[in-house]
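Student: This is the structure, below, for whatever I ask next.
Protein chains in written order, with my numbering: chain E, 1 to 266; chain W, 1 to 276.
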């Protein structure tokens, strides 16, 4: 028995180490290249430098793209959190037929090809008379962010024990007070985490944003891919390293709020 | 029908209406348009698409690459899910971070990184030559192998997490009970562990296959224009060729594939879950 146990433990370690290295390769490579002095992505870098980060300031179109992405992500996440939370309350607390169908419908944008949704929206918005690129981006990105909010808040609400609210009322709170003091603190972590990951999903989206872009309005991923195609140099790696840092921050906050294991729930 | 008058239901209304107008309606519109010709309903665009041998190659490329990506993800992901479930606290945290962190980083960033990894002087070449498996540097970028490798890396978390979610629920005592009753390790795996993990495998395979079928940024960066899949062809026909008819046709085929995978895998996972 001990032989098999030892073999299993050894095997676990090998597989775990391999998958960690494999999964982290793109991130490590990006960061290494961004701090290297080589123009041709030599690894390991011959020398370390910050020149690609200095170059970021002079890269044309980068700042506007970053601002557009941040604005679109912030506004669409805020709208999605309002719409999604109300809907999640209805799905968990309501007693009406079709709740399962509604929740599948709300999460379905995550399951369909982004490109197809983008094309449908491109034509659909045109047919509805919505021609403004920026407004189209916002409207489309709410569809991207909404599933994240609905999924997480429904999950958190289903685990919440609503008799706690009755308990708070028995102890002298009125209904709004009970909601504010019991429900809100209990849900806040999941609520904030969902918003954070919805925000990142919007920041990173390419296949839908690509249909709502023009010379003045470009989101960051669109602008980045354009750089990669035009003149690939480690400046892209420096931007990427910034996005990796953003994801690390989100992960640390998410870990504090709801815990790493909860983030892995599928 | 008092159930219909539950006032809480009204809270779902804004989100549902919003999605109906800006998401469901455009999708239906795309679907309708792809079936409508000058004289009403028609299958003509699909017939035209299918009668071109080039398009069959595109469909073949799409399915072949997606199948390979799924196979690679499964081979790494299945044992990795067990390692994640059985690992000690520290190792588990390291693994979880390496699985979740890439999920919140965009495809553009990761595909660009793979462009660097797959170069002739890149990490893979250095590794293979270091191990003595390759005699001379080989180019992996802009090859199908490179594409499969990069895509498998990017989609691997979608294989590990669903399998992990069922593996962590398996009671290790089940396998021990099998051992007490005299079952060999292989018998215990095929008759106890494997059937219990099948629902997770089905959803992991469905996730990865469907993501691989519809990937767009990854092939454009890792293999280029000479290799077309349904997804890249759809993108190109709208963004470059301005051929909306062709693009709508391929988009609807992609949509049908995605829906078939979701519906099929949900049905299968439910059936397998119900049996155990």
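Where a beta carbon is used, it is the ideal one built from N, C-alpha and C, also for glycine.
Quick check on the DSSP output: what are the complete alpha helix (DSSP H) runs of length 4 or more inside the region 142-214 of chain W, in order along the chain?
Tutor: Segments of the alpha helix (DSSP H) lying fully in the region 142-214 of chain W: 144-167, 172-180, 185-188 and 194-214.
Student: What did DSSP end up calling residue 202/E once you bin it into helix, strand or coil?
Tutor: In the first chain, counting from the first residue as 1, residue 202/E sits at position 202. Residue 202/E sits in a helix when the DSSP states are folded into three classes.
Student: Would you identify the three-state DSSP class for residue 36/E, choosing helix, strand or coil?
Tutor: The sequence position of residue 36/E within the first chain is 36, counting from 1. For residue 36/E, the three-state secondary structure derived from DSSP is strand.
Student: Hey, could you find the ends of the alpha helix (DSSP H) residue 250/E is sitting in?
Tutor: Counting from 1 along the first chain, the entry for residue 250/E is found at position 250. Per DSSP, residue 250/E belongs to the alpha helix (DSSP H) from 235-258.
Student: How would you list, in chain order, the residues of chain E whose beta-carbon sits under 8 angstroms from the beta-carbon of residue 16/W?
Tutor: Within the second chain, the letter at position 16 stands for residue 16/W. 87, 102, 105 and 106, listed in chain order.
Student: Answer with buried or exposed for residue 115/W, where buried requires no fewer than 16 other C-beta atoms within 10 angstroms of its C-beta.
Tutor: On the second chain, position 115 is the one that residue 115/W refers to. It is buried - the Cβ of residue 115/W has at least 16 other Cβ atoms within 10 Å.
Student: Excluding the 5 residues preceding and the 5 following residue 124/E in the sequence, name in chain order all residues of the same chain whose CB lies nearer than 7 angstroms to its CB.
Tutor: What you label residue 124/E is simply residue 124 of the first chain in a count that begins at 1. No residues qualify anywhere along the chain.
Student: Going by the beta-carbon positions, is the gap between residue 101/W and residue 247/E smaller than 9 angstroms?
Tutor: Against the second chain, residue 101/W aligns to sequence position 101. Against the first chain, residue 247/E aligns to sequence position 247. In this structure, residue 247/E lies closer than 9 angstroms to residue 101/W by Cβ.
Student: Residue 124/E touches chain W at which residues, Cβ-Cβ below 7 angstroms?
Tutor: Counted from its first residue, the first chain places residue 124/E at position 124. Correct list: 25, 26 and 29.
Student: Under 8 angstroms by Cβ, that's how I've got residue 144/W and residue 65/W pegged, so tell me the actual separation to the nearest angstrom.
Tutor: Reading the second chain from its first residue, position 144 is the one you call residue 144/W. Reading the second chain from its first residue, position 65 is the one you call residue 65/W. Their Cβ separation, rounded to whole angstroms, is 7 angstroms, which keeps residue 144/W and residue 65/W in contact under 8 angstroms.
Student: Measure the beta-carbon distance from residue 91/E to residue 108/E and round it to whole angstroms, keeping in mind my assumption that it falls under 8 angstroms.
Tutor: Reading the first chain from its first residue, position 91 is the one you call residue 91/E. Reading the first chain from its first residue, position 108 is the one you call residue 108/E. The pair is not a contact, with the Cβ atoms about 14 angstroms apart (cut-off 8 angstroms).
Student: Confirm, please, whether the CB-CB distance from residue 203/E to residue 254/E is below 9 angstroms.
Tutor: Counting from 1 along the first chain, the entry for residue 254/E is found at position 254. Counting from 1 along the first chain, the entry for residue 203/E is found at position 203. Cβ distance not < 9 angstroms, so residue 254/E and residue 203/E don't count as in contact.
Student: Contact check, residue 239/W vs residue 210/E under 8 angstroms by CB: the rounded distance?
Tutor: Reading the second chain from its first residue, position 239 is the one you call residue 239/W. Reading the first chain from its first residue, position 210 is the one you call residue 210/E. Indeed they touch by this definition, with Cβ atoms about 7 angstroms apart.
Student: Closest Cβ-Cβ distance between residue 157/W and chain E: below 9 angstroms?
Tutor: Residue 157/W sits at position 157 when you count from the first residue of the second chain. It does; some Cβ of chain E falls within 9 angstroms.
Student: First and last residue of the alpha helix (DSSP H) that includes residue 166/E?
Tutor: Residue numbering aside, residue 166/E sits at position 166 when the first chain is read from its first letter. It spans 163-170 - the alpha helix (DSSP H) in which residue 166/E sits, taken as one unbroken run.
Student: Hey, out of 133/E, 252/E, 235/E and 244/E, whose CA is closest to residue 208/E's CA?
Tutor: Within the first chain, residue 208/E is the residue found at index 208, counting from 1. Of 133/E, 252/E, 235/E and 244/E, the residue nearest in Cα terms is 133/E.
Student: Where DSSP assigns a beta bridge to residue 40/W, which residues make up the other side?
Tutor: Translated into the one-based positions of the second chain, residue 40/W becomes position 40. Beta-bridge partners assigned by DSSP to residue 40/W: 37/W.
Student: For residue 61/W, does the count of other Cβ atoms within 10 angstroms reach 16, so buried, or fall short, so exposed?
Tutor: What you label residue 61/W is simply residue 61 of the second chain in a count that begins at 1. So residue 61/W counts as buried.
Student: Considering just the uninterrupted stretch of the alpha helix (DSSP H) at residue 77/E, what are its terminal residues?
Tutor: For this step, residue 77/E is matched to residue 77 along the first chain. First-last of the alpha helix (DSSP H) with residue 77/E: 62-93.
Student: Between 151/E, 122/E and 26/E, which has its C-alpha nearest residue 262/E's C-alpha?
Tutor: To locate residue 262/E, count along the first chain from 1; it is residue 262. Taking only the C-alpha atoms, the option nearest residue 262/E is 151/E.
Student: Tell me where the alpha helix (DSSP H) around residue 158/E begins and ends.
Tutor: Here residue 158/E refers to the residue found at position 158 when the first chain is read from its first residue. Where residue 158/E is concerned, the enclosing alpha helix (DSSP H) stretches over 133-159.
Student: Determine the direct distance from the alpha carbon of residue 200/W to that of residue 190/W, and round the result to whole angstroms.
Tutor: Looking up residue 190/W in the second chain gives position 190. Looking up residue 200/W in the second chain gives position 200. Cα-Cα distance, rounded: 15 angstroms.
Student: What residues in its chain sit with their C-beta under 8 angstroms from that of residue 124/W, if we drop five residues either side in the sequence?
Tutor: The residue you call residue 124/W lines up with position 124 of the second chain. Short of 8 angstroms from the beta carbon of residue 124/W, and not among the five residues preceding or following it, lie these beta carbons of its own chain, in chain order: 117, 118, 140 and 149.
Student: Going by DSSP in three states, residue 52/E sits in which element: helix, strand or coil?
Tutor: For the purposes of this step, residue 52/E is taken as the residue at position 52 of the first chain. In this structure, residue 52/E counts as helix in the three-state DSSP scheme.
Student: Flag residue 134/W as yes if its beta-carbon sits less than 9 angstroms from any beta-carbon of chain E, otherwise no.
Tutor: The residue labelled residue 134/W in the question sits at position 134 within the second chain. No, no contact with chain E.
Student: Taking a Cβ distance cut-off of 7 angstroms, strictly less, list which residues of the region 4-30 of chain E are near chain W, in chain order.
Tutor: 4, 12, 15, 16, 19, 20, 22, 23, 24, 25, 26, 27, 29 and 30
Student: Could you list which residues in chain W have their beta carbon closer than 8 angstroms to that of residue 111/E, in chain order?
Tutor: In the first chain, residue 111/E corresponds to position 111, counting from 1. Those within 8 angstroms of residue 111/E in chain W are 210, 258 and 262.
Student: Could you confirm whether any beta carbon from chain E is found closer than 9 angstroms to the beta carbon of residue 6/W?
Tutor: Translated into the one-based positions of the second chain, residue 6/W becomes position 6. It does; some Cβ of chain E falls within 9 angstroms.
Student: Alpha carbon to alpha carbon, what distance is there between residue 203/W and residue 39/W?
Tutor: Your numbering for residue 39/W matches position 39 in the second chain. Your numbering for residue 203/W matches position 203 in the second chain. In a straight line, the C-alpha of residue 39/W is about 42 angstroms away from that of residue 203/W.
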